[in-house]
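Heads up: the structure comes next, in structure tokens.
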Amino acid sequence: MDNACAAGIPEADEQVTAEYSFRLSPYLRGLLRDRPADDPLSRQFIPDRRELEAGLHESPDPIGDESFSPVRGIVHRYPDRVLLKVTHLCPVYCRFCFRRDMVGSNGMALHPEEIDAMLDYVARQPQIWEAILTGGDPLSLSGRRLGEILRRLSSIEHLEILRIHSRVPIVDPAAVNESRLAALRQDKPLYFVVHVNHADELTEPVVGALRAIAETGAVMLSQTVLLKGVNDDVAVLERLLRRLVRLKVRPYYLHHPDLARGTAHFRVPIEVGQELVRSLRGKVSGLCQPTYVLDIPGGHGKVPVGPAYIGDRTDGGLREVADHRGHWHCYPE
Ligand SMILES: *Cc1c(COP(=O)(O)O)cnc(C)c1O
Ligand code: SF4
């Protein structure tokens, strides 16, 4: 485990780091240097004593992955797509991570035979249309191993779409090297979903890494976790979403935070998220609008939880529809 005693970065709390992995890439260490503890970037990566407070409904498996895991490393919740947790490692551990009890030192390494078993599972299930590499962070694998997994998936005839969810371009842009880029060049369509939460994460090296990934031919999408004190503000979200679209990254999901252990200090009420989404709808291009989703505990999957725009049917057979200001109008159905 890395040591956080570098100049300008507060010493990590040992009790917290005994419970949850802590790590900073050299790049992130530089970026966080001299930022205050309540800065939107510091909050995401520097351990906090509040992580030791386990809330009533919090869980080591907040979205119920376990009950949908037919083979170790696979989560198969929806018929047409599977998650492949190809590694339990990340270059940096986000303090709000929904898999914090399964990643880093809390996770277990997969043996090569277990990767084989995961790929066999995909090959044997003809209804699987899409494979989603996740983890941990798939880009913490070497380019050679990542390339081998993607090639083997590509060769499965019924599998048509490859998807990768990663935070590496944001937290360790130097790791987006030629060998990993080569791994991403596949014949089948590859969607690259980058996890990014604040415009300050989009520094020059990060922009370079995102461009390089786009140049492999990957379709670029983003996912953002709504986090108290980080991005629970309409101006902050607007700046992030506009930057992303300018970088040719299409915002995909805005996640309501999951009930991971020791993350209550990051959560806002759903009403706050809905109001943010409603104001974005009125202010910002449709290209910049992510879908606000919640993953229902127990493995029931993700659903949109944005504000309801459709109301009841009136006596006269009209339907009530709300605009982005929350004003109601009639739609004759
Ligand atoms: C989030 C998730 C997916 C991907 O869902 P999309 O809505 O297609 O982005 C797939 N499988 C599992 C188990 C998931 O949790
Ligand atoms: S990069 Fe993703 S998996 Fe890794 S610690 Fe952050 S949120 Fe968790």
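The opening position of the sequence shown corresponds to residue 0 in numbering that gives the first Met the number 0, with each subsequent residue numbered one higher.
Don't be surprised by glycine CBs; every beta carbon is placed ideally from N, CA and C.
As the structure is a prediction and not an experimental result, all values here were calculated from the model.
Asked, Found
"What is the C-beta distance between residue 231 and residue 161, in whole angstroms, given that I count them as a contact (C-beta under 8 Å)?", "Not quite, the Cβ-Cβ distance comes to about 33 Å (not below 8 Å), so this is no contact."
"In the DSSP assignment, what residue or residues form a beta bridge with residue 269?", "None, per the DSSP bridge assignment."
"Give the straight-line distance between the Cα atoms of residue 6 and residue 28, rounded to the nearest whole angstrom.", "Confidence in residue 6 is poor, its pLDDT being 46 and thus under 50, which makes the residue's placement unreliable; the coordinate value appears in the next sentence. The alpha-carbon atoms of residue 6 and residue 28 are separated by roughly 9 Å."
"Exposed or buried, which one is residue 89 when buried takes at least 16 other CB atoms within 10 Å?", "buried"
"Classify residue 84 as buried or exposed, calling it buried when 16 or more other Cβ atoms lie within 10 Å of its own Cβ.", "buried"
"Could you tell me whether the Cβ atoms of residue 189 and residue 169 are closer together than 8 Å?", "no"
"Please say whether residue 224 and residue 250 have beta carbons closer to each other than 8 Å?", "no"
"Among the residues of its own chain, which have a CB less than 8 Å from the CB of residue 210, if the five just before and after it don't count?", "246"
"Who's in the neighbourhood of ligand 2, going by beta-carbon under 6 Å from any heavy atom, listed in chain order?", "89, 92, 93, 96, 98, 102, 134, 135, 136, 166 and 194"
"Shorter than 7 Å, the distance from the beta carbon of residue 26 to the closest heavy atom of ligand 1, or not?", "no"
"Would you identify the three-state DSSP class for residue 319, choosing helix, strand or coil?", "strand"
"Excluding the 5 residues flanking residue 0 on each side, which residues of the same chain have their C-beta closer than 8 Å to its C-beta?", "Because residue 0 sits at a pLDDT of 42, beneath the cut-off of 50, its placement in the model cannot be relied upon, and the following sentence gives the value as read from the coordinates. Excluding residues within five positions, the ones whose Cβ falls inside 8 Å are 16, 20, 21, 22 and 104."
"Classify residue 165 as helix, strand or coil using the three-state DSSP reduction.", "strand"
"Output the distance between the C-alpha atoms of residue 117 and residue 102, rounded to the nearest integer angstrom.", "18 Å"
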